[in-house]
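One structure below.
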Amino acid sequence: MQVDSFIEDGFVHLKEAFPRRLADGCRAIIWRDLSADLGAEPDDPSTWPRPVAARPDYADAPFAAAANTPRLHAAFDALVGKGRWTPRRSLGGFVIRFPADEPSVVDGWHVDVSFPGPGSSPDDYLTWRANVASRDRALLMFFLLSDVGPDDAPTRLRVGSHRHVARVLEPEGEDGLDARELARRADAATGHLPTALATGRAGDVYLCHPFLVHAGQPNRGTTPRFLAQPKLSPSEPFRVNLPAEASTPVETAIIQALEHRRDGL
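In my numbering, each residue carries its 1-based index in the sequence shown increased by 89.
See the structure below:
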């Protein structure tokens, strides 16, 4: 497990995190529903919606199995702490990017939020919030259900951006910031950082710090890109007021970022 890379860069690429056959099974179920709901057929590009189709959470057997492999569980233990995360029974919602050189509303740089504030609407995710202790989110995860090359709409990742976001969030206390304001400040604070692309093979997973700034992009390839983006929930609150050596990697990244700011680094 590349723990040091996770703390420094904000993500690790876990290859073959779940079997390709499970990715194939998940795609088949999603195609079944795309066909029934939208008339989209896997072998007929003229029927594909563009540029993006979203699907709700699935708890069918292939999805649950993909989320719970021994390789993934070991990685969760290494990054979040043994016994400090809640097992998933599904892969959450899906974003399918179809070939089309068109941007979509999910292409802006942002940080995923995780809890509703006093004025949040249950139906408006952009009113939800994130705070410096990453309430209700242990990891941001990208499950690749199809092969993703540089032209296949790989998610863009700002390397090391999680550290800057921790500094943005610290003064905001327990309430943190809502999605719109956090996206605005995070983009401004991290625009100078290098970009990595979440490319890989079906069955790979990117395990990301909850504060990692990321963005979508158009699919300039020839095949649809299937991606699940579930969160891993903590089983107990994170502690960001401890010495870094007594913390888990998710906590350590936050603690180090805040210490460096206080030291003027």
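Even glycine gets a Cβ: it sits at the ideal position worked out from N, Cα and C.
Because the structure is a prediction, the values reported are computed rather than measured.
Query, Result
"Pairwise C-alpha distance: arginine 269 and arginine 108", "Looking at the sequence itself, residue 108 is proline, so the reference to arginine does not match. If I take the Cα positions, the gap works out to 36 Å."
"Rounded separation between alanine 287 and alanine 304 - CA only", "10 Å"
"Range covered by the beta strand (DSSP E) that runs through arginine 144", "141-144"
"For arginine 290, three-class secondary structure by DSSP", "coil"
"Cβ contact (3+ pairs, closer than 8 Å) linking the region 236-246 and the region 155-163", "no"
"Touch test, the region 207-215 against the region 300-319, Cβ-Cβ under 8 Å, three pairs minimum", "no"
"Identity of the residue in Pro299, Asp276 and Val202 nearest aspartate 267 by Cα", "Val202"
"Nearest neighbour of glycine 99, chosen from Ala227, Pro326 and Ser322 [CA to CA]", "Ala227"
"Within the region 149-218, ranges of the beta strand (DSSP E) (whole runs, at least 3 residues)", "183-186"
"Start and end residues, beta strand (DSSP E) containing histidine 102", "100-103"
"First and last residue of the uninterrupted alpha helix (DSSP H) at leucine 234", "Unbroken run through leucine 234: none, as it is neither H nor E."
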